[in-house]
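*Asks:* Sharing a structure with you now.
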Amino acid sequence: MSAGYDTSCTTLSQEGRIYQIEYATKKIENSSTVLGIIFRDGVVLVSEKIKESKAIVPGSNPTIYSVAKHIGIAICGLLPDGRNIVSRAKLEASSYFKNYGVPISGQILAERLSIYVHAHTCHWGARPFGCCVLISSFDTDNKYHLFMLENNGNFFEYFACANGKGRQIVKATMEKDNFVIRENNIAEGLKKVLKIIIKSYEGEKETEYDVGVISSGNNNQHDVIDKKYIQDEVIKIKEEINKDKMDVEKN
């Protein structure tokens, strides 16, 4: 029982918990799966989108955005909250370039966004964000970077990370084969990542996927992959998965 301790994000319970942040975290954990991983020649963001209605037009409500030429963001959780963070990220990137004359790095952007997100957990008139975001970047150190910004303001850099409903399956698979998967190039790795995220979904509803890539083959700029190409790849992968299941059942 919260016993009234959940009426404000500035109120700590007797155990030192902030219930509003925990409620927002539950929303993220029950959302569609999002993952990011760094490969040999780039970094990929993949977002699963579960269609709640067959009447929804494919491609509605994108979950992956380009913040700058070299930075991409994927949203996990409440999309309107995520778009607020994306808007703030674009503002920070534009302001940084105007003030310093160089593009903002993924590290600095994550730091600035973490301050903005954390501020929403410190004031009575605000509420925590019901989303987390994954930030991919290619910076002036000529390296690829991947950050996950949590809804409490924490952020960490990863080689591979995931959040959402299927995070346990995705994390277990990526951590088990982390070094093997990361040695792939973008073309090979993207198919493996799509296969992992497809397997993580156990529901019956129709799904589609958003994919954002920064790769050396694209001058290290962030690009949202064409949905038709991803849809064709997903169909092929699902056929492979079904074929593997049939082979296992026969044996």
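Using the working numbering, you'd call the opening residue of the sequence shown number 287 and step up by one each time. We treat Cβ as the ideally placed atom computed from N, Cα and C, and that holds for glycine. Only a predicted model underlies this, so the values are computations on that prediction, with no experimental measurement involved.
When the Cα atoms are used, what is the spatial distance from residue 503 to residue 510?
*Replies:* 14 Å
*Asks:* Can at least three beta-carbon pairs, one atom from the region 452-471 and one from the region 485-496, be found at a separation below 8 Å?
*Replies:* Contact between the region 452-471 and the region 485-496 is established, with three or more Cβ pairs separated by less than 8 Å.
*Asks:* What's the C-alpha gap between residue 495 and residue 406?
*Replies:* 30 Å
*Asks:* Given a cut-off of 8 Å, decide if residue 394 and residue 375 are closer than it, judged by their beta-carbon atoms.
*Replies:* In this structure, residue 375 keeps its C-beta atom at 8 Å or more from the C-beta atom of residue 394.
*Asks:* Apply the 10 Å Cβ neighbour rule to residue 377 and answer buried if 16 or more other Cβ atoms are within range, or exposed otherwise.
*Replies:* Classification for residue 377: exposed.
*Asks:* Evaluate residue 439 with the Cβ neighbour count: other Cβ atoms within 10 Å of its Cβ, from every protein chain shown; 16 or more gives buried, anything less gives exposed.
*Replies:* buried
*Asks:* In the structure shown, what three-state DSSP assignment does residue 382 receive?
*Replies:* helix
*Asks:* Taking the alpha-carbon positions, what's the residue 422 to residue 401 distance?
*Replies:* 18 Å
*Asks:* Alpha carbon to alpha carbon, what distance is there between residue 343 and residue 506?
*Replies:* 31 Å
*Asks:* Compute the Euclidean distance between the alpha carbons of residue 339 and residue 384, then round it to the nearest angstrom.
*Replies:* 43 Å
*Asks:* With a cut-off of 8 Å on the beta carbons, I'd call residue 471 and residue 445 a contact; round off their distance for me.
*Replies:* Going by Cβ atoms, the distance from residue 471 to residue 445 rounds to 16 Å, so no, they are not a contact pair.
*Asks:* Residue 380 to residue 370, Cα distance in whole Å?
*Replies:* 16 Å
*Asks:* State the Cα-Cα distance for the pair residue 524 and residue 349, rounded to the nearest angstrom.
*Replies:* Their Cα atoms are separated by approximately 22 Å.
*Asks:* By the three-class DSSP mapping on this structure, what secondary structure does residue 502 have?
*Replies:* helix
*Asks:* Among 499, 491 and 493, which one has its Cα closest to the Cα of residue 475?
*Replies:* 499
*Asks:* Going by other Cβ atoms of all chains shown within 10 Å of its Cβ, with 16 needed for buried, is residue 390 buried or exposed?
*Replies:* buried
*Asks:* DSSP three-state call for residue 358: helix, strand or coil?
*Replies:* strand
*Asks:* Taking only three categories from DSSP, how would you classify residue 293?
*Replies:* coil
*Asks:* How would you call residue 417, buried or exposed, if buried means at least 16 neighbouring beta carbons within 10 angstroms?
*Replies:* buried
*Asks:* List in chain order: all unbroken beta strand (DSSP E) runs of 3+ residues lying wholly within the region 406-440.
*Replies:* 417-424 and 430-435
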